[in-house]
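The block underneath contains the structure these notes are about, expressed in structure tokens.
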Amino acid sequence: MNKRFNIEKYLFTVPVVIYSLLLILLPLLYVLLISFFKSDSYGGMIYTFTLSNYMEIFNITYIRIFLKSIGIALITTAICLCIAYPFAISLMSKKETTRNLLIKLVMVPFLMNSLIRTYGWIVLLRKNGIINSALVGTGIISSPLSLMYNNIGIIIGMVYTLLPFMILPVYSAVSKVDPNLIEASYDLGASKTKTFTKIYLPLTISGAFNGSLMVFIPAIGYFFITDILGGGKIMIIGNLIKNQFLTARNWPFGAAISIFLILMTLILVSIYKKLGGKMDDLGGM
Amino acid sequence: MDNVIVRLENITKKFDDKTIIKNITLDIYEGEFITFLGPSGCGKTTLLRIISGLEEATEGKVFIEGEDVTNEIPAKRKVNTIFQNFALFPHMTVWDNINFGLKMNKVPEDEAEKRIKRAIKLVQLDGFENRYPAQLSGGQQQRVAIARGIVMNHKVLLLDESLCSLDLKLKREMQGELKKLQKKLGITFIYVTHDQDEALTMSDRIVIINKGNIEQLDTPKEIYSKPNTAFAADFIGESNIIKTEITHIKDDVAYVKLTDDIELAVPNNDYKKGKVTLIVRPENFNPHKNPVQESFAGVVKNYMYDGAIVKLEVEVGDRIIKVHQYDSDIFEEGSTVYIDIDKNKVIIIGDKNE
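In order, the protein sequence lines correspond to chains A and B. What the first sequence shows, in this note's numbering, is residues 1 to 285, in sequence order. What the second sequence shows, in this note's numbering, is residues 1001 to 1354, in sequence order.
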């Protein structure tokens, strides 16, 4: 009886194990492997070991793209934090039903494909789009603003797409703060700002870091947002990798950048761990 | 004579359409230990929060040290609260917790250090300065919370069911300490509790609150011996509350019906003939083995040994009355007991003479 139960238990894990091995671990190992191969000029690979792909990353052209990506991702993360905290804290003073409704609204965008939603922004942001027409029409500005095909458009798109990933962990952390602590802080003479920096922030820092990781990492790689709202003029790491695989047909170099990106992510996670963050808050690891 | 330190004027508080506090006016004096006592949901905590500013009164005014603070935020009010769960900042050490209020009020560092050291000494937490709240016992956390409040040097400290979460023995200890501390500091403690023992042992005055009204406001002794209402009598101490009537009055003695057959003669010059509530504390019924003058007989239904006293439940006619016994006579269940009464300690609540 007991034995049969055990077999059953293992049986149910088989699909997931196969899925992980076949579709995640093996491809990842393959990427790691080809990152050490040479490419030939026709898009094929020469199976000899080399570190040149990794050396290539430190070419000034690519370093510029890396810095640009990190810059855009950092700004996106910062804007998301600045929106998520006030939202989460203001939710705490609402009734539970209102709170649940608003949190559900945060998740509504997940119901629709993000690519389609990103195309939707073109209608809003372009020169004769809704926002510019409204601003010019009401006389607030005289000539339309350039809201897309530049960094602004990319950041708007990134923030829009990634904001829920910041709000959810931040809200979850904020909602665990004992409201009495906040009252005690006010009672002892702290202002709202001081209460935020001295009580809320230190007690929810793991949620903030969690959300920041979940925003920062995709923000480096979401090439479709730069493609659509950056008009293909601006490259981030995501575009670079995509181009190596699809356009330049230099798979080994694309693989090397991918591995480099994974390493950067792992470094960020280990910093988080060092700072005392719990892996559980990142969804377990 | 005494200085009023906190004045509540016609305070009413409504949540949505529910009235939690109904037009309460109250003066609290400098240096007194005053307790808001009442069942849960009576509005006592809300009243405390209105004083601290964590809650806004719907109507009425709050004065602290003579200043109208009705529209002031908590940070600007010269009072501090000790929360029920202590609300210590978990990411700060004991020292930093106590220092928090001083930092927020920009007290110079050297003065802050002196005040913190004094507060730590007062609550006997020397040596725990660098611990975090999670490394402390419940009693120690309580002390940190008190130190964090008193270090602000305000003349009023508000304590919200502060001993509630401690175990019984620790609670008793802290009761004594709180009272001592309050006397030593000479500041006003406004204490909220639903525990009548706590209220009786610590308070100079007790405010009994029921359904948003002040039921009675007096010293513990006065409330115990002369409760204004059946609610007050029931809430403070044990009592026999008997709804009955005065059948006749003769020579300043009222004859109160206990059962159909038994009438108690009670000295009276206040009350009229008619329906009254008779309140007798169990210790004012004296049980005897043999009949004594003016005693009536009953049957022991229940005998509970409780150390210093024995608690009896006695059936008299169609009533069960609670009787406390202090001597060592043993009454077996089912045996007959003769009871007389301390006439002067009987309380009658009913229509008074004009």
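Just so you know, even glycine gets a beta-carbon here, dropped at the ideal spot from N, CA and C.
| Query | Result |
| --- | --- |
| Could you tell me which chain B residues have their CB closer than 8 Å to the CB of residue 199 of chain A, listed as they occur along the chain? | 1089 |
| Just tell me which of B/1235, B/1154, B/1220 and B/1175 has its CA closest to the CA of residue 1185 of chain B. | B/1154 |
| If we cut at 8 Å on Cβ distances, does residue 19 of chain A have a partner in chain B? | no |
| Give the DSSP-derived three-state secondary structure of residue 1015 of chain B in the structure shown. | strand |
| Please tell me whether residue 1073 of chain B has its Cβ less than 8 Å away from any Cβ of chain A. | yes |
| Which same chain residues end up closer than 6 Å to residue 1283 of chain B when comparing Cβ atoms and leaving out the 5 residues on each side of it in sequence? | 1324 |
| Secondary structure at residue 75 of chain A, three-state DSSP: helix, strand or coil? | helix |
| Residue ranges of each alpha helix (DSSP H) run of no fewer than 4 residues wholly in the segment 191-247 of chain A, ordered along the chain? | 192-195, 201-221, 223-229 and 237-246 |
| Residues of chain B with CB closer than 8 Å to the CB of residue 202 of chain A, please, in chain order. | 1091 |
| Mapping DSSP to helix, strand and coil, what is residue 283 of chain A? | Low confidence applies here, because residue 283 of chain A scores a pLDDT of 49, under 50, leaving its location unreliable; read the following figure in that light. DSSP places residue 283 of chain A in coil when its eight states are reduced to three. |
| Give the DSSP-derived three-state secondary structure of residue 148 of chain A in the structure shown. | coil |
| Determine the burial state of residue 283 of chain A: buried for a count of at least 16 other Cβ atoms within 10 Å of its Cβ, exposed for fewer. | No answer about residue 283 of chain A holds up, because its pLDDT of 49 lies below 50 and its placement is not dependable. |
| Mind listing which residues of the segment 1043-1057 of chain B have their C-beta closer than 7 Å to chain A's C-betas, in chain order? | 1052 and 1054 |
| Does DSSP put residue 11 of chain A in a helix, in a strand, or in coil? | helix |
| Using a beta-carbon distance below 8 Å, is residue 1101 of chain B in contact with chain A? | yes |
| So with CB distances below 8 Å, who are the chain A contacts of residue 1081 of chain B? | 183, 184 and 187 |
| I need the boundaries of the alpha helix (DSSP H) containing residue 179 of chain A, first residue and last residue. | 179-187 |
| Note down the Cα distance separating residue 216 of chain A from residue 77 of chain A, rounded to an integer number of angstroms. | 6 Å |
| Determine, using beta carbons only, whether residue 190 of chain A comes closer than 8 Å to chain B. | yes |
| Please look up how many angstroms separate the CB atoms of residue 1296 of chain B and residue 1316 of chain B, rounded, as I've assumed it's under 8 Å. | 6 Å |
| Contact check, residue 226 of chain A vs residue 154 of chain A under 8 Å by CB: the rounded distance? | 5 Å |
| Output yes if chain E places a C-beta closer than 8 Å to the C-beta of residue 1130 of chain B; else output no. | Within the model displayed, chain E is absent; protein chains A and B are what it includes. |
| Closer than 8 Å by beta-carbon distance: list the chain B residues that pair up with residue 176 of chain A, in chain order. | By Cβ distance, chain B contributes nothing, its closest Cβ being about 11 Å from residue 176 of chain A, past 8 Å. |
| Where residue 1310 of chain B and residue 1095 of chain B are concerned, what is the direct C-alpha to C-alpha distance, given to the nearest angstrom? | 49 Å |
| Do you know whose CA, among B/1109, B/1081 and B/1252, lies nearest residue 1150 of chain B's CA? | B/1081 |
| Using three-state DSSP, classify residue 1274 of chain B as helix, strand or coil. | strand |
| Suppose you measure from the CA of residue 12 of chain A to the CA of residue 39 of chain A; what does that come to, to the nearest Å? | 42 Å |
| Using the three-state DSSP reduction, which class does residue 1354 of chain B fall into: helix, strand or coil? | Residue confidence for residue 1354 of chain B is low, a pLDDT of 49 falling below 50, so the modelled location carries little weight; the figure read from the coordinates is stated next. The answer is coil: DSSP assigns residue 1354 of chain B none of H, G, I, E or B. |
| Could you give the residue range of the beta strand (DSSP E) that holds residue 1315 of chain B? | 1309-1316 |
| So the candidates are B/1226, B/1172, B/1208 and B/1244; which of them puts its Cα closest to the Cα of residue 1201 of chain B? | B/1172 |
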